[in-house]
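Protein chains in written order, with the numbering used here: chain G, 1 to 291; chain Z, 292 to 746. Each residue gets a CB set at the ideal place from its N, CA and C atoms; glycine is no exception. One structure below.
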């Protein structure tokens, strides 16, 4: 395929040098650390992140303007946090001029589309200062997570310490030390159907995109993609925020990222093609092809 | 023998309107009819049976220049009908929003009115779009003032055009401390610019007042000292914000308001027999054109105490500041004086505003069909909305917008002016015509306005 990882100027394996961030981070604490640095350096006034919600493991988008708020949003919760829904409000009643936002590849697409066609987003496009994308194979609705953890894994959601997808399994770690692994075969039917038409694995449209795949445990793979991404990343490195290793010197490396990206794209391409044919000639038509 | 001249459409204001003028042999207006020919919006009819939350948002859509005034008046009419008091901090943010709207609107009107005026000490009219100084820096200042107004509106209101944040019962969102500081900083910057702009505009307006003639369509037209004088009264409810039937002593009274239909007010069919092809832009209507103001006017004629009244900046200053200058220039000067007033009011409201405060009423009643009204002091004058809400649904809705009040008043102010300067008088009112339109044409061919929408 060749372009499955999108355009990038730099790719490294990295982790934060801040012990406090790493304590509860999913992998290398890249997003939290980069936002914390950008906030300190005045590159952003605040960031839209997935903060703690009303129910356990349910994220709620928040506008974080302090390090404490950022720290509260560490870690991955495998269900939807509608971060883009706050993008306008951040520039309004929160009074931000330089907004940071983290999101999945589809959310990055929404951000960039909004910047190109700012319908309902007056005076927002020029205020998006840093968009960090995260690798994403697919996402789950909150109900799916409840079902997977409470029913399949048999754990109370409140006692879960960490969830993770890796090595072909869905992992649930609890406060009292239990570790449950579910084969991904079980989780597939709980995925959002909408995710199955997505052809982007590594957030091609972000300024900086990151995820665990390709790097050793506790580290993250980082793609630096845009000029503004390059700018904030090099400043963060200069400030000693991250330890880095060249990506070709770590295992499993870019090879695995490429493999998974290819898998996602070719699998979803099939769904796209199926949907193009769905009902065509039986009362429906393909809206993208003139009859 | 009087002649009839028609200027259609009039230019450099919002909406579509025209002037039908009976003039004497010297070209002085004996009777002027200024009327709206903007298509009707029909908001009053659309509102019936919608929820009280929807209607102010729909009402705001009549116009993009003072949507804030319509939103606030609409919402407060609902609140007045259901008897809902809003928290103090919500009120303060609404005041900020109101002032932001006024600031941007005055600046916008400067752009529309400057081409009538002269650079002091010269016979050169001002083109606000020229790249040459001194006009360039004035234009930039105007745009910055507008930007400040719009940005503050965006923060306090969620959106500067058709604000999303205000709602029945208060506001959806409070502004954060940071947002408050940002608005404060913008207001401080705006204050300096507003003062400079106010001084500049007043100098330019006084210069026009002292001139003997103004050039229109290649001719030197004498400027009368009484340009735009009228003997009608003034109506204003508050120096900055507004009044509603929830107030202990409302400053507007629905009992004093009556409505006259245009066919009882405007002149009947006339034929144009004076034309001036060199009149800007594109000349006046050709000789032989038929005009029928009483059938073409799309507005009702609201009267207060049985008389047309003037609303707007001068009305506010007359009522609350003992201002007494008549005529078009007096009106324009009054508008400029509101520049700094609106910024100071914004700063005072922000000073008092507490970001941690509540902005939504604890309980929002659903209404029992009682008549409530809110009169909001929009940039162009008193914008009165009346509503009856029962069980959360709107039973009755009526908008009496500023320019509707001003149409008949301004028509009287045209008398005694050279017809070539009639548009200068009209622009003095900063007309915003589209929201003023209330009638519908039911027979296009006969061009008959025959059905009043509300009722």
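Work out the CA separation of residue j and residue i for me, nearest whole Å.
{"i": "residue 470/Z", "j": "residue 76/G", "result": "30 Å"}
{"i": "residue 128/G", "j": "residue 117/G", "result": "14 Å"}
{"i": "residue 307/Z", "j": "residue 547/Z", "result": "29 Å"}
{"i": "residue 717/Z", "j": "residue 292/Z", "result": "25 Å"}
{"i": "residue 680/Z", "j": "residue 381/Z", "result": "22 Å"}
{"i": "residue 153/G", "j": "residue 178/G", "result": "10 Å"}
{"i": "residue 506/Z", "j": "residue 530/Z", "result": "36 Å"}
{"i": "residue 609/Z", "j": "residue 707/Z", "result": "23 Å"}
{"i": "residue 295/Z", "j": "residue 581/Z", "result": "10 Å"}
{"i": "residue 236/G", "j": "residue 100/G", "result": "15 Å"}
{"i": "residue 488/Z", "j": "residue 224/G", "result": "47 Å"}
{"i": "residue 712/Z", "j": "residue 698/Z", "result": "17 Å"}
{"i": "residue 462/Z", "j": "residue 84/G", "result": "22 Å"}
{"i": "residue 52/G", "j": "residue 688/Z", "result": "44 Å"}
{"i": "residue 724/Z", "j": "residue 553/Z", "result": "15 Å"}
{"i": "residue 322/Z", "j": "residue 678/Z", "result": "36 Å"}
{"i": "residue 254/Z", "j": "residue 696/Z", "result": "Within the shown structure, residues of chain Z are numbered from 292 to 746, placing residue 254/Z beyond reach of any answer."}
{"i": "residue 615/Z", "j": "residue 360/Z", "result": "26 Å"}
{"i": "residue 124/G", "j": "residue 448/Z", "result": "15 Å"}
{"i": "residue 167/G", "j": "residue 353/Z", "result": "59 Å"}
{"i": "residue 269/G", "j": "residue 119/G", "result": "29 Å"}
Around the C-beta of residue i, are 16 or more other C-beta atoms found within 10 angstroms, so that it is buried, or is it exposed?
{"i": "residue 289/G", "result": "exposed"}
{"i": "residue 16/G", "result": "buried"}
{"i": "residue 305/G", "result": "The structure shown does not extend to residue 305/G, since chain G spans only 1 to 291, so no value can be given for it."}
{"i": "residue 751/Z", "result": "With chain Z covering 292 to 746 only, the question about residue 751/Z has no answer from this structure."}
{"i": "residue 575/Z", "result": "buried"}
{"i": "residue 429/Z", "result": "buried"}
{"i": "residue 578/Z", "result": "exposed"}
{"i": "residue 210/G", "result": "buried"}
{"i": "residue 281/G", "result": "exposed"}
{"i": "residue 420/Z", "result": "exposed"}
{"i": "residue 246/G", "result": "exposed"}
In its own chain, which residues sit with a C-beta less than 8 Å from the C-beta of residue i, not counting the 5 before and 5 after it?
{"i": "residue 284/G", "result": "278"}
{"i": "residue 109/G", "result": "200 and 205"}
{"i": "residue 648/Z", "result": "378, 379, 380 and 465"}
{"i": "residue 79/G", "result": "57, 58, 59, 139, 140, 141, 142, 144 and 145"}
{"i": "residue 197/G", "result": "268, 271, 272 and 275"}
In this structure, how does DSSP classify residue i when only helix, strand and coil are distinguished?
{"i": "residue 257/G", "result": "helix"}
{"i": "residue 457/Z", "result": "strand"}
{"i": "residue 645/Z", "result": "coil"}
{"i": "residue 155/G", "result": "coil"}
{"i": "residue 73/G", "result": "coil"}
{"i": "residue 276/G", "result": "helix"}
{"i": "residue 491/Z", "result": "helix"}
{"i": "residue 420/Z", "result": "coil"}
{"i": "residue 2/G", "result": "coil"}
{"i": "residue 80/G", "result": "coil"}
{"i": "residue 534/Z", "result": "strand"}
{"i": "residue 228/G", "result": "helix"}
Going by DSSP, which residues form a beta bridge with residue i?
{"i": "residue 297/Z", "result": "311/Z"}
{"i": "residue 684/Z", "result": "342/Z and 681/Z"}
{"i": "residue 132/G", "result": "102/G and 208/G"}
{"i": "residue 326/Z", "result": "309/Z"}
{"i": "residue 600/Z", "result": "524/Z"}
{"i": "residue 287/Z", "result": "Chain Z is shown from 292 up to 746; residue 287/Z falls before or after that span and cannot be answered."}
{"i": "residue 11/G", "result": "223/G"}
{"i": "residue 48/G", "result": "63/G and 101/G"}
{"i": "residue 91/G", "result": "None, per the DSSP bridge assignment."}
{"i": "residue 181/G", "result": "171/G"}
{"i": "residue 723/Z", "result": "305/Z"}
{"i": "residue 664/Z", "result": "677/Z"}
Residues in the same chain with beta-carbon distance under 6 Å from residue i, minus the five sequence neighbours each way, listed in chain order, please.
{"i": "residue 603/Z", "result": "671 and 672"}
{"i": "residue 96/G", "result": "45, 46 and 90"}
{"i": "residue 73/G", "result": "49, 50 and 51"}
Quick one: what's got a C-beta closer than 7 Å to residue i's C-beta in the same chain, skipping five residues either side?
{"i": "residue 536/Z", "result": "371, 663 and 664"}
{"i": "residue 257/G", "result": "5, 202, 213, 214 and 221"}
{"i": "residue 301/Z", "result": "308, 309, 310, 714 and 717"}
{"i": "residue 584/Z", "result": "311, 324, 326, 557 and 558"}
{"i": "residue 517/Z", "result": "618 and 707"}
{"i": "residue 410/Z", "result": "417"}
{"i": "residue 161/G", "result": "173, 174 and 175"}
With a threshold of 6 Å, establish whether the CB of residue i neighbours any heavy atom of the ligand ATP.
{"i": "residue 559/Z", "result": "In the structure shown, the ligand ATP is absent, as is every other ligand, since no ligand is present at all."}
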